[in-house]
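Here the structure is laid out as structure tokens; the discussion comes afterwards.
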Amino acid sequence: MLRDFGSRDGAFIALTAELRARLPALVNGASSHVAVPLQGSGTFIVEATLATLVGPTDKLLVLVNGSYGERMVAIARRLNRPVEVLTWPEHQALEADRVEQALDADPGITHVALVHCETTTGLLNPLAEIAALVAGRGKALLVDAMSSFGALAIDLRATPITALMASSNKCLEGVPGLGFAIIESQALAGSGGNCPSLSLDLHDQWRGFEANGQWRFTPPVQVVAALVEALRQLEAEGGIAARRRRYQENFEVLASGMAALGFRLFLDPAIQAPIIATFRYPEAAWFRFEPFYRGLAERGFLIYPGKLSRADSFRIGCIGAIGPDDFRRLLVAIREVVGALQDGTPNEPALTECRT
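The numbering used here numbers the first residue of the sequence shown as 4 and each following residue consecutively.
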């Protein structure tokens, strides 16, 4: 990121081409799909994909069991696209039989959207089963893979997906600021004129890349450079399978250590992805989230507040350029903070140095 690339320079055009080649290859989509990167966060690429692929006369069905499914519904409504919603509780995976019933009841549905790994909880939805069902009825499937891409295997040769959306951070271990969609070439080619936004039009962005390799508007050049380097590091680590193994070990160290300290996971293990762990608040008078959070921050560890509507919770990510030893250090810090809260003493860190 320290190199000041020129956005129209040949070296940066080559970086963009490498980025667009590496992304579909990760999911075996090089022969059927194209990668279209876009400036902005993951939400930007989700909105751009829905706006580009779901036309004004189409109808979208969104499968919701968390905040990020709800966000897709909000985007579709803001775009004035016809949208239907199927909802499940936040602790329950999507069910193919309900999707089948909804599609059979409404032949007007043209597109189905879901979140692969719902970051609200860390829940892993049954992507392959639903993808086969949707494709069998001739519908397009749009998948938010923000929290799964790069660590959980997806094979576009075996799993029919029209568009797969993700971002430069999370499992790819780049920095925030870039989203991308890996879109079936035929679907993208037929989407011209759908998007009501100039800057979010992925069809036009794709045509520009194909014409001269350049971005339509000023790209985040350092973020692109960082993501290409991160993709090279993913390859050097051993690919998606190796990264998942590391994240799985992170999760197992965290989950077992937290259980020993009296913290309970929110999800059933059968639907828990090794991406982010959601823990219920302990049912004890000593626990309050703000001093718990502050105590960990003082020791060099930042966690996430919960996003659940039905239970008080907090979340701890298992992804990034970190390993099991980092989680063992985190558990030491949690043990210290818990002890301080139970004793009613100030949260003074015992450790002078700690990695986040």
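Virtual Cβ for every residue (Gly too), placed ideally from N, Cα, C.
Only counting the same chain, and skipping five residues up and downstream in sequence, which positions put a Cβ closer than 7 angstroms to that of residue i?
{"i": "R6", "result": "A228"}
{"i": "P129", "result": "A96, L97 and A99"}
{"i": "P223", "result": "Q42, G180 and L181"}
{"i": "V256", "result": "P327, F330 and R331"}
{"i": "D258", "result": "With the sequence shown as reference, residue 258 is identified as Ala, and Asp is not the correct amino acid for it. Same-chain partners within the cutoff: L268 and A280."}
{"i": "F15", "result": "F8, G9 and V224"}
{"i": "E50", "result": "I78 and L203"}
{"i": "A118", "result": "Note that residue 118 is Val in the sequence shown, not Ala. Only G69, Y71, G72, N128 and D147 meet the Cβ criterion."}
{"i": "A288", "result": "none"}
{"i": "G193", "result": "none"}
{"i": "G342", "result": "none"}
Give me the DSSP bridge partner(s) of residue i.
{"i": "V67", "result": "T90"}
{"i": "Q217", "result": "Partner(s): none; Q217 has no beta bridge."}
{"i": "Q275", "result": "L126"}
{"i": "P361", "result": "The structure shown does not extend to residue 361, since the chain is modelled only from 4 through 359, so no value can be given for it."}
{"i": "D204", "result": "Its beta-bridge partners do not exist; DSSP assigns none."}
{"i": "T363", "result": "Absent from the structure is residue 363, since the part of the chain shown begins at 4 and ends at 359."}
{"i": "A280", "result": "I319"}
{"i": "H114", "result": "L63 and A143"}
{"i": "L237", "result": "None; L237 has no bridge partner."}
Are the beta-carbon atoms belonging to residue i and residue j less than 9 angstroms from one another?
{"i": "V30", "j": "D158", "result": "yes"}
{"i": "R291", "j": "F266", "result": "no"}
{"i": "A169", "j": "F152", "result": "yes"}
{"i": "A244", "j": "A161", "result": "no"}
{"i": "T113", "j": "E93", "result": "no"}
{"i": "E121", "j": "G69", "result": "yes"}
{"i": "W218", "j": "Q208", "result": "yes"}
{"i": "G323", "j": "S316", "result": "no"}
{"i": "L205", "j": "T52", "result": "yes"}
{"i": "L66", "j": "Q275", "result": "no"}
{"i": "F212", "j": "T19", "result": "yes"}
{"i": "R246", "j": "A154", "result": "yes"}
{"i": "V231", "j": "P294", "result": "no"}
{"i": "L237", "j": "G298", "result": "no"}
{"i": "A54", "j": "L22", "result": "no"}
{"i": "Y307", "j": "I319", "result": "yes"}
So what's residue i in DSSP terms, helix, strand or just coil?
{"i": "G72", "result": "helix"}
{"i": "I78", "result": "helix"}
{"i": "P308", "result": "strand"}
{"i": "P40", "result": "strand"}
{"i": "F15", "result": "helix"}
{"i": "A143", "result": "strand"}
{"i": "R6", "result": "coil"}
{"i": "E132", "result": "helix"}
{"i": "E286", "result": "coil"}
{"i": "E98", "result": "coil"}
{"i": "L268", "result": "strand"}
I'd like the list of long-range same chain contacts for residue i, defined as Cβ closer than 6 angstroms, with 5 residues on each side in sequence excluded.
{"i": "P27", "result": "A33, H36, A38 and I185"}
{"i": "P277", "result": "Y250, Q251, F254 and C321"}
{"i": "L144", "result": "V115, A134, V137, I164 and T165"}
{"i": "G58", "result": "N197"}
{"i": "A77", "result": "none"}
{"i": "R84", "result": "V57 and L63"}
Quick one: what's got a C-beta closer than 8 angstroms to residue i's C-beta in the same chain, skipping five residues either side?
{"i": "F220", "result": "Q42 and S202"}
{"i": "A233", "result": "S171, L175, E176 and G177"}
{"i": "C357", "result": "Annotation note: pLDDT 39 at C357 (below 50); position unreliable, coordinate value reported separately. Same-chain partners within the cutoff: R302, G303, F304, R332 and A336."}
{"i": "L338", "result": "It is Arg, not Leu, that sits at residue 338 in the sequence shown. L264, listed in sequence order."}
{"i": "A105", "result": "L64, E87, L89 and I112"}
{"i": "A214", "result": "none"}
{"i": "D109", "result": "K62, L64 and E87"}
Practice prompt. Kindly provide the ranges of any beta strand (DSSP E) runs that are 3 or more residues long and lie completely inside the segment 158 to 194, ordered along the chain.
Written response: Entirely contained in the segment 158 to 194, the beta strand (DSSP E) runs reaching 3 residues are, in chain order, 166 to 170 and 181 to 187.
Discussion item. Threshold first: 4 residues or longer. Then list the alpha helix (DSSP H) segments lying entirely within the segment 315 to 343, N to C.
Written reply: Qualifying alpha helix (DSSP H) stretches: none in this window.
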